[in-house]
Amino acid sequence: MPPVVHDARTGRFVAAVPLPPGVRSSWKLAAAAPDNRTFLLSGTGRREGDIRFFRVRLDEKGRPGTPEPVPRSGEDVPGGLPVLAMSHDGTRFAFADMVAGGTVVSVVEIATGARRDWFSRDMRVSGLSWAPDGRRIAVAAYNWGLGFLDLAAPGQDLLAALRLVRPMTGLPPVQSVAYTPGGDFLVYSVGHDIERIPAGGGEPVVLARLSLPRSASLAVRFALDGTGRHLLHTHGRRLHRVDLRDGSTGSVPIGTGDVRSGGQTPDAAW
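For the sequence shown, our numbering begins at 9 and goes up steadily by one.
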């Protein structure tokens, strides 16, 4: 299934997103800037394991413009466990991936493809989110917890550059994480619960408990909108929109228009 644009309120199909030259098929992950108009998408190149990234901007009606490939973005990206996050100004993105011997978190300049890597042998990163000021990236990891990466920290040692905000020992897996618009709090998923914690650490508050079947994965991936009020996640072929003020949820089917849909649950970003 190619990347597509949907109306988040109704699930209505709006448009398919064109693939740039050199990208033969799309990957399932997407990331967005908080303007709800600028998106980062990924796809596969001509070789096995060749992951390419490209930026797409939507107009006021949700129609995608010409995709903008990120230079050199397919170099040394194995594609084992990609996790994407886009900076608030839409000029950089971060991804996490499994590499030989461990995990790498990388920050990439979209205009040039320039990249900086942090490496760890012991972590498995499941979620990333940029702070509004662009100086930190929130990091969620299955076997570590919740914290943030200081982008000014020297060196390439991921653990040395991280600050732990909440350990996750004995809890269900933490998956997605997102900064609130002011940067004061982190919103994250622990199993089927959505919680919030001060960005510097403190007591967590449960914002919502997702109504999902018992058979559903405990690793819930979500996206937070630009206001910080609404959360979006997918299950099966449906979009689930959660109001974090009261925990209420609305659900709509994902329309496909004339585009063939695959059997996998898609990821969504807004």
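In this text, a Cβ means the ideal position worked out from N, Cα and C, and glycines have one as well.
Length-filtered (3 minimum) beta strand (DSSP E) runs lying within the segment 21-58: Within the segment 21-58, the complete beta strand (DSSP E) runs of at least 3 residues are 21-24, 33-40, 46-52.
Buried/exposed call for G210, threshold 16 Cβ in 10 Å: For the purposes of this step, residue 210 is taken as the residue at position 202 of the sequence shown. G210 is exposed by the Cβ-count criterion.
A41 beta carbon less than 8 Å from that of M94: To locate residue 94, count along the sequence shown from 1; it is residue 86. To locate residue 41, count along the sequence shown from 1; it is residue 33. Closer than 8 Å, so yes.
Euclidean distance between Cα positions of H7 and V214: There is simply no residue 7 to check, as the chain begins at 9 and stops at 278 in what is shown.
Nearest to A160 (by Cα), restricted to the options I118, S128, H243, D141: Counted from its first residue, the sequence shown places residue 160 at position 152. It is D141.
Three-state secondary structure (DSSP) of A224: As a working mapping, residue 224 is identified with position 216 in the sequence shown. DSSP places A224 in coil when its eight states are reduced to three.
Where A169 falls: helix, strand or coil (DSSP): Walking along the sequence shown from the start, residue 169 turns up at place 161. It is helical.
P206 in three-state terms, based on DSSP: In the sequence shown, residue 206 corresponds to position 198, counting from 1. P206: strand per DSSP, three-state reduction.
Residue from A186, S219, L172, V78 with nearest C-alpha to E203: Here residue 203 is taken as the residue at index 195 of the sequence shown, counted from 1. Among A186, S219, L172, V78, the Cα nearest to that of E203 is on A186.
Among S259, G51, A224, nearest to H238 - alpha-carbon criterion: Taking the first residue of the sequence shown as 1, we reach residue 238 at position 230. Taking only the C-alpha atoms, the option nearest H238 is S259.
Given R132 as reference, the closest of I118, A108, A119, R144 once Cα atoms are compared: Taking the sequence shown and counting its residues from 1, one reaches residue 132 at position 124. Nearest C-alpha to R132: A108.
Proximity winner among A39, V112, G30, relative to R55 (alpha-carbon distances): Position 47 of the sequence shown, counted from the start, is the residue given in the question as residue 55. The shortest Cα separation from R55 among A39, V112, G30 belongs to G30.
Proximity winner among F103, A102, D43, relative to P189 (alpha-carbon distances): Residue numbering aside, residue 189 sits at position 181 when the sequence shown is read from its first letter. Looking at the Cα atoms, D43 is the closest of the given residues.
Cβ neighbours of L220 in the same chain (closer than 8 Å, five flanking residues each side left out): Numbered from 1 along the sequence shown, position 212 holds the residue referred to as residue 220. Hits under 8 Å: H200, V228, H243.
V78 - DSSP class collapsed to helix/strand/coil: Indexing the sequence shown from 1 puts residue 78 at position 70. Coil, per DSSP.
Within 8 Å, strictly: CB atoms of P79 and V13: Taking the sequence shown and counting its residues from 1, the one referred to as residue 79 is at position 71. Taking the sequence shown and counting its residues from 1, the one referred to as residue 13 is at position 5. No. Outside cutoff.
Boundaries of the beta strand (DSSP E) in which S184 is found, first to last residue: Counting from 1 along the sequence shown, the entry for residue 184 is found at position 176. 182-187 is the span of the beta strand (DSSP E), which, as asked, contains S184.
Length of the line joining the Cα atoms of L166 and F127: To locate residue 166, count along the sequence shown from 1; it is residue 158. To locate residue 127, count along the sequence shown from 1; it is residue 119. Between L166 and F127, the C-alpha separation is close to 5 Å.
Check whether L157 and R174 have beta carbons under 8 Å apart: Counting from 1 along the sequence shown, the entry for residue 157 is found at position 149. Counting from 1 along the sequence shown, the entry for residue 174 is found at position 166. No, these two residues do not count as a Cβ contact at 8 Å.
DSSP-derived helix/strand/coil call for L154: Along the sequence shown, read from residue 1 onward, the residue named residue 154 stands at position 146. Residue state, collapsed to three classes: strand.
Beta-carbon proximity check, V112 vs A104, cutoff 8 Å: The sequence position of residue 112 within the sequence shown is 104, counting from 1. The sequence position of residue 104 within the sequence shown is 96, counting from 1. Result yes, Cβ atoms of V112 and A104 sit closer than 8 Å.
I118 (DSSP reduced to helix, strand or coil): By 1-based counting over the sequence shown, the position of residue 118 is 110. Reduced to three states, the DSSP call for I118 is coil.
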